[in-house]
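Just below is one structure, and these are the notes that go with it.
Number of protein chains: 2
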Amino acid sequence: MKILFVVALLGALHPAPPAAGPRHTLMPVPAGLAWGSGRLRLDGRFTAVVHGVPGDARLERGVARFLRRLERTIGVAVGAGTTGLTITVRGKGAAVQGPDEDESYLLDVTDTGATLTAPTTVGALRGLETLLQLVEGDSAGYAVPAVHIADRPRFPWRGLLIDAGRHFQPVETIKRQLDGMAVVKLNVLHWHLSEDQGFRVESRRFPRLQQLGSDGRYYTQEQIREVVAYARDRGIRVVPEFDMPGHSTAWFVAYPEEASSPGPFTIERTFGVFRPAFDPTRESVYRFIDAFIGEMAALFPDPYWHIGGDEVDAAAWKDNPRIRAFMRAHRLADNDALQAYFNRRLSAILTRHRKQMVGWDEILHPGLPTSTVIQSWRGQESLGRGAKEGHLGILSANFYLDHMRTAEFHYLQDPVPAGSLLTAEEARRVLGGEACMWGEHLSPESIDSRIWPRLAAIAERLWSPREVRDVPDMYRRLSVMRGRLEEVGLGSEGHTPRMARQMAGGADPAALAALLSLAEPASLGERARRQALTTLTPLVFAADAARPDPPAQWELRALATAVLARDGGSAEARRVLASRFARWPGLAPALDSLGATAPLARDALPAAQALGRVAAIGTDALEMLGGGPATADWKKERLAQLDSLERPQGLLRLSVIPGVRLLVAGVPVP
Amino acid sequence: MKILFVVALLGALHPAPPAAGPRHTLMPVPAGLAWGSGRLRLDGRFTAVVHGVPGDARLERGVARFLRRLERTIGVAVGAGTTGLTITVRGKGAAVQGPDEDESYLLDVTDTGATLTAPTTVGALRGLETLLQLVEGDSAGYAVPAVHIADRPRFPWRGLLIDAGRHFQPVETIKRQLDGMAVVKLNVLHWHLSEDQGFRVESRRFPRLQQLGSDGRYYTQEQIREVVAYARDRGIRVVPEFDMPGHSTAWFVAYPEEASSPGPFTIERTFGVFRPAFDPTRESVYRFIDAFIGEMAALFPDPYWHIGGDEVDAAAWKDNPRIRAFMRAHRLADNDALQAYFNRRLSAILTRHRKQMVGWDEILHPGLPTSTVIQSWRGQESLGRGAKEGHLGILSANFYLDHMRTAEFHYLQDPVPAGSLLTAEEARRVLGGEACMWGEHLSPESIDSRIWPRLAAIAERLWSPREVRDVPDMYRRLSVMRGRLEEVGLGSEGHTPRMARQMAGGADPAALAALLSLAEPASLGERARRQALTTLTPLVFAADAARPDPPAQWELRALATAVLARDGGSAEARRVLASRFARWPGLAPALDSLGATAPLARDALPAAQALGRVAAIGTDALEMLGGGPATADWKKERLAQLDSLERPQGLLRLSVIPGVRLLVAGVPVP
């Protein structure tokens with residue numbers, strides 16, 4: 017079984033852990049862990065006893081979920097026994113969770129029982145996730161190794177942005193992401209709820225917002241409450257974003273009078289930066305926003321409120337003589353100054369509704385209250401500037417999931433990297449980070465596969481100590497996390513095979529599925545340049561079927577690394593690679609033949625053809641490594657070919673090139 | 017690509033179709049079909065124009081769903097163009113659909129457009145499903161071949177029973193089945209709502225029924241209405257079953273005074289036939305049932321009402337002296353007579369609430385009004401007896417999905433088989449049939465894989481002309497249906513790989529998934545004898561992961577048939593089989609090694625070991641067929657070994673044995 021070998025290899029690439037004892041598969045890595053001796057056996061006698069604050073229904077529900085998941089893992093009904101886990105919680109936590117919630121916990125497992133102690137319910141929920149991740153099988157059944165864990169997050173704000181504006185995401189889809197977030201200890205759902213392409217929340221005060229601005233795809237107030245409660249049950253805050261003054265076309269379908277240019281407006285069907293923006297010069301606009309926020313503030317209890325504030329089209333205001341006159345009258349030198357004026361007005365409204373303002377980099381402007389949180393899509397520098405000026409900040413640059421980068425890439429970002437020039441006080445203003453799942457090319461069907469499992473790597477960056485940044489070990493644990501995320505209902509693992517079956521339309525999908533397992537979608541920008549998509553286009557293409565950073569990416573690198581190992585390399589790794597390279601050229605003809613009856617599958621053909629060329633280079637490299645002569649020119653040429661083959665092929669990008677490049681680079685040249 | 021060959025082979029095994037023109041993948045096969053010439057191209061200009069009865073919102077929603085599914089198939093937004101489909105519907109159909117609803121339709125496709133004509137909305141919905149199944153890809157994109165179809169069902173009652181009593185099935189799970197049922201033109205959801213293990217509907221009149229009898233797992237009245245409306249939108253009736261007088265423990269947790277034995281009662285956790293039954297001698301029982309049905313009749317508008325009536329424990333009544341006295345006083349000779357008395361009382365209550373009674377074979381007893389419908393789990397004979405006595409009837413014998421039989425087995429059953437002794441009038445009393453999905457070993461996770469795709473074969477039996485019974489052609493089309501059912505959200509195709517990943521607990525699931533793809537779950541009875549399950553046991557075992565009648569079953573038979581073909585057999589089929597036989601013995605050691613860390617996976621080991629022995633027999637047979645000498649004894653022994661290996665191995669049964677048996681049987685003996 018060659019696959020078994022590869023899996024073993026993925027583990028073996030990482031050196032023995034520094035601490036003695038078994039190697040864990042925890043993700044995120046806890047702040048402190050010490051192995052004990054022995055194991056706590058898990059069987060039908062297991063139960064959980066709670067010493068909490070009376071009436072903590074949230075904890076009770078959390079423990080019940082924990083028991084059901086444990087049962088599924090070990091195949092035995094539990095909860096009615098006498099031995100097992102004792103949970104002690106000192107307080108229920110804040111009535112409305114904020115970034116200052118204490119999420120720490122202590123977990124002690126011995127061979128006779130486990131104890132979990134936490135200052136808050138949320139801390140206990142975090143500890144329960146850790147305990148589930150410690151369960152492992154052995155020859156006697158299931159058990160948890162004895163261990164002492166003292167854990168707490170590095171950053172208090174660890175979020176995921178979901179853009180439900182451009183493509184609506186149903187409540188069930190959102191709940192699934194919350195379940196996954198709880199598994200990796202994330203604590204903020206940043207819900208992007210209005211966009212040029214759709215206004216997604218029921219307003220009872222301004223019902224025409226959703227009636228005219230959503231194509232009927234919006235969350236009812238009951239659903240919002242349901243999601244907020246579901247999130248709170250998992251120790252997750254919900255921060256709403258109503259983007260303004262730009263990205264706001266959908267508002268103006270119903271309320272053209274609030275816009276800075278004359279209507280009528282229609283819901284935007286394409287993607288980009290559009291001109292419609294709120295008119296910051298009208299008092300009616302502030303009254304409208306005030307009333308709207310007043311209504312929404314009751315729905316979204318979180319102390320923070322995201323106003324967006326990004327990408328205002330310059331022409332939106334400049335083309336309006338009345339607005340130009342207003343700017344002159346108020347000595348507002350340029351659009352930035354006008355937006356700063358708008359933001360100050362917004363800030364006052366939010367303060368009145370007891371909300372703290374959050375916005376994107378663009379809102380950072382002199383005169384903005386330092387209580388405002390800056391979410392940076394521009395980078396650490398922008399974030400650092402905010403912190404130095406006294407602002408709280410959240411990093412999102414390089415955490416964009418729609419950029420289709422690897423888990424490794426995101427993992428090695430850091431909101432406060434080693435060597436940061438921030439003082440300790442300034443660094444404390446960096447609250448954490450948020451991964452962003454923008455919605456241009458996102459469907460309820462594909463969203464899981466875009467977010468997961470890469471988000472687990474980002475979650476670890478935000479929870480675990482800064483020093484935890486061993487990439488091979490991250491991928492080793494990420495591979496186990498894939499199953500855990502699937503267990504709570506996320507569909508990322510089955511996504512590509514399922515879509516391949518759909519695209520094949522009843523014909524054999526094997527070649528398509530095989531190709532897609534070696535490829536990833538082109539990034540948002542690359543795809544937008546190559547395919548004219550609107551919000552109405554069904555997202556059923558090869559780029560929707562493929563996953564970012566598929567397991568093959570790291571696997572190929574691991575195999576190449578094993579072949580190149582100092583002691584002569586692994587012969588088995590060489591054999592596995594050779595057999596893959598031998599198989600790849602067959603995919604293009606097979607896909608060509610599938611394409612005769614399955615036109616959608618033809619999209620994958622350019623990538624399959626490129627894969628054949630990559631295979632030839634890989635085969636050559638293996639031969640050279642086996643003793644064949646190589647020249648510097650050979651190497652240079654092949655590396656250049658690989659660079660070219662790494663560019664998008666149609667709407668796909670081959671994920672196996674880094675591994676093959678390692679091989680080529682490793683060929684010795686005289 | 018060997019797999020491609022096998023798929024081609026599955027098609028080729030079937031001789032050319034009788035009608036000229038392309039071979040279709042329609043399921044169920046329409047009553048009449050004639051190919052035209054040319055094809056209707058499908059692209060962004062396609063749209064559907066409806067000439068219906070004004071205000072037929074059900075038809076509008078059906079057409080909108082059709083357009084969205086078409087978009088996903090062809091990868092283009094449609095609905096805004098000018099050419100395409102014209103739908104003409106003469107009437108909305110009955111306000112409450114009954115078995116007499118006209119479901120016929122005419123579909124005409126030419127190279128310039130399509131017309132769909134139907135007397136009712138339901139007929140049009142059936143025709144839209146047919147049209148979707150006609151879409152195919154070619155070198156120019158997607159199209160529908162020109163065709164004339166005049167279609168209508170053979171039987172008016174084509175149902176699926178879902179047992180939500182023993183294991184609760186959430187609303188989303190039920191809706192998914194309704195979506196699948198619509199695809200294959202089924203029209204009755206028989207919803208089994210109360211059992212010893214649970215009472216599953218909210219009663220507002222008797223709220224303690226669900227409060228004490230459901231573990232909190234029941235359908236609210238709002239949810240019931242939602243499901244009934246969802247079903248109606250798809251031309252599907254919902255017939256509720258509240259089983260009585262037996263199978264009723266869960267009622268008595270709240271209302272012990274209605275039982276024939278003294279309480280208290282608790283929700284039953286195990287499976288079987290249990291003693292608690294309604295007490296047919298008390299007037300209070302009939303008042304209770306009358307009030308209950310009065311409340312429920314408003315929730316379930318269908319004209320039919322299922323009272324169950326099966327498997328009453330004899331002791332339930334015999335042990336009660338008061339009941340024995342009542343029987344003597346009323347000259348009721350035995351339990352059957354007492355149940356007949358109970359049923360007559362029920363029948364009167366139902367008549368008062370304008371419901372027609374349906375029940376299982378056991379209720380068939382002299383004196384029962386002939387308006388009562390008999391649902392036969394015992395067989396055609398029992399069904400025929402009812403029909404001869406004037407009763408309407410539905411066949412369910414041999415349509416039990418929990419028996420884990422093949423699609424072929426179910427397909428060849430017939431409610432009125434050729435050669436039936438029923439007169440034409442009696443035969444008309446046989447309304448159709450229902451597949452039964454009993455819930456002992458059923459979870460929301462596994463249900464799709466138990467029901468589908470086999471149910472498509474049963475649906476064809478009930479819709480298509482009696483003469484349509486070509487098994488190879490059925491499997492050819494069923495294989496295409498798998499994708500279509502997945503497209504509407506059913507999870508059968510991804511089920512086994514997903515559960516294999518879960519059971520492997522982070523280790524490589526490949527060997528487990530491979531074994532499970534060649535095996536099926538033991539039947540309900542076989543499993544019950546081997547594994548002590550309660551309603552609390554998590555259903556996460558190999559038997560839950562495997563699917564009944566996996567594609568490998570038919571594939572192996574097809575390969576064996578190709579090897580044995582008269583003209584010397586296919587060399588390619590022989591190579592494919594040989595390579596499979598070579599691979600199978602490796603699965604047991606791989607599973608053994610997986611089992612070291614994944615105890616749940618160990619369940620599959622006996623089947624893997626047996627598979628190794630089957631592979632040896634298969635390899636031998638291929639050699640003999642290649643010219644090796646064989647003796648009658650060799651053959652007899654191998655066939656006996658296969659018989660023995662076909663018995664359950666642990667909780668699994670190997671599905672590839674029929675194929676290997678064909679090979680062995682085909683070895684010539686001097």
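Chains as they are written, first to last, in my numbering: chain A, 17 to 686; chain B, 17 to 686. Every residue, glycine too, gets a C-beta built ideally from N, C-alpha and C. Just so we're clear, the structure is a prediction, and the values are computed from it rather than from any experiment.
The alpha helix (DSSP H) spanning residue i covers which residue range?
i: TRP376(A); result: Counting along the chain, TRP376(A) falls outside any alpha helix (DSSP H), though it belongs to the beta strand (DSSP E) covering 372-376.
i: ALA681(A); result: 673-682
i: HIS491(A); result: Here residue 491(A) turns out to be Tyr, not His, going by the sequence shown. Taken as a continuous stretch (DSSP letters only), the alpha helix (DSSP H) holding TYR491(A) covers 487-503.
i: TYR302(A); result: 299-315
i: VAL199(B); result: 187-199
i: SER363(A); result: 351-368
i: ILE339(B); result: 337-345
i: VAL592(B); result: 587-599
i: ASP329(B); result: Here ASP329(B) belongs to no alpha helix (DSSP H), and DSSP marks it neither H nor E.
i: GLN391(B); result: Where GLN391(B) is concerned, there is no enclosing alpha helix (DSSP H), although the beta strand (DSSP E) it sits in stretches over 389-392.
Measuring only between beta-carbons, confirm whether residue i sits less than 9 Å from chain A.
i: LEU20(B); result: With a pLDDT of 46 at LEU20(B), under the threshold of 50, the modelled position of that residue is not reliable, and the figure given next carries that caveat. It does: the Cβ of LEU20(B) has a partner Cβ on chain A nearer than 9 Å.
i: PHE316(B); result: no
i: GLU451(B); result: First, the amino acid is wrong: residue 451(B) is Ala here, not Glu. Not closer than 9 Å to any Cβ of chain A, the Cβ of ALA451(B) fails to qualify, so no.
i: THR553(B); result: yes
i: ALA32(B); result: No answer about ALA32(B) holds up, because its pLDDT of 41 lies below 50 and its placement is not dependable.
i: VAL496(B); result: yes
i: GLN185(B); result: no
i: GLY522(B); result: yes
i: ILE339(B); result: no
i: ARG612(B); result: Looking at the sequence provided, one finds Ala at residue 612(B) rather than Arg. Yes, ALA612(B) counts as interfacial toward chain A.
I need the DSSP call for residue i, collapsed to helix, strand or coil.
i: VAL243(A); result: helix
i: PHE62(A); result: strand
i: GLY107(B); result: strand
i: VAL112(B); result: coil
i: SER436(A); result: coil
Between which two residues does the beta strand (DSSP E) carrying residue i extend?
i: PHE258(B); result: 253-258
i: VAL160(B); result: 157-167
i: MET420(B); result: MET420(B) -> no beta strand (DSSP E), and no H or E assigned at all.
i: MET453(B); result: 446-453
i: HIS208(A); result: 204-211
i: TRP479(B); result: No beta strand (DSSP E) contains TRP479(B), which is instead part of the alpha helix (DSSP H) from 470-479.
Taking Cβ positions only, does residue i come closer than 9 Å to chain B?
i: VAL683(A); result: no
i: SER508(A); result: no
i: ALA538(A); result: no
i: ALA632(A); result: no
i: ARG92(A); result: It should be noted that the sequence gives Val, not Arg, for residue 92(A). Yes - at least one Cβ of chain B is within 9 Å of the one on VAL92(A).
Can you tell me the Cβ-Cβ gap for residue i and residue j, rounded? I've got them flagged as a contact below 8 Å.
i: ASP212(A); j: GLU284(A); result: 4 Å
i: VAL255(B); j: VAL374(B); result: 7 Å
i: LEU411(B); j: LEU399(B); result: 5 Å
i: GLY129(B); j: VAL92(B); result: That pair is no contact at about 17 Å.
i: TRP468(A); j: LEU447(A); result: About 23 Å separates the two Cβ atoms, so there is no contact after all.
Give a single yes or no on whether residue i has its beta carbon closer than 8 Å to a heavy atom of the ligand ADP.
i: ASP619(A); result: The ligand ADP is absent from the structure shown, which contains no ligands of any kind.
Contacting positions in the segment 615-629 of chain B - beta carbon closer than 8 Å to chain A: PRO615 and LEU616
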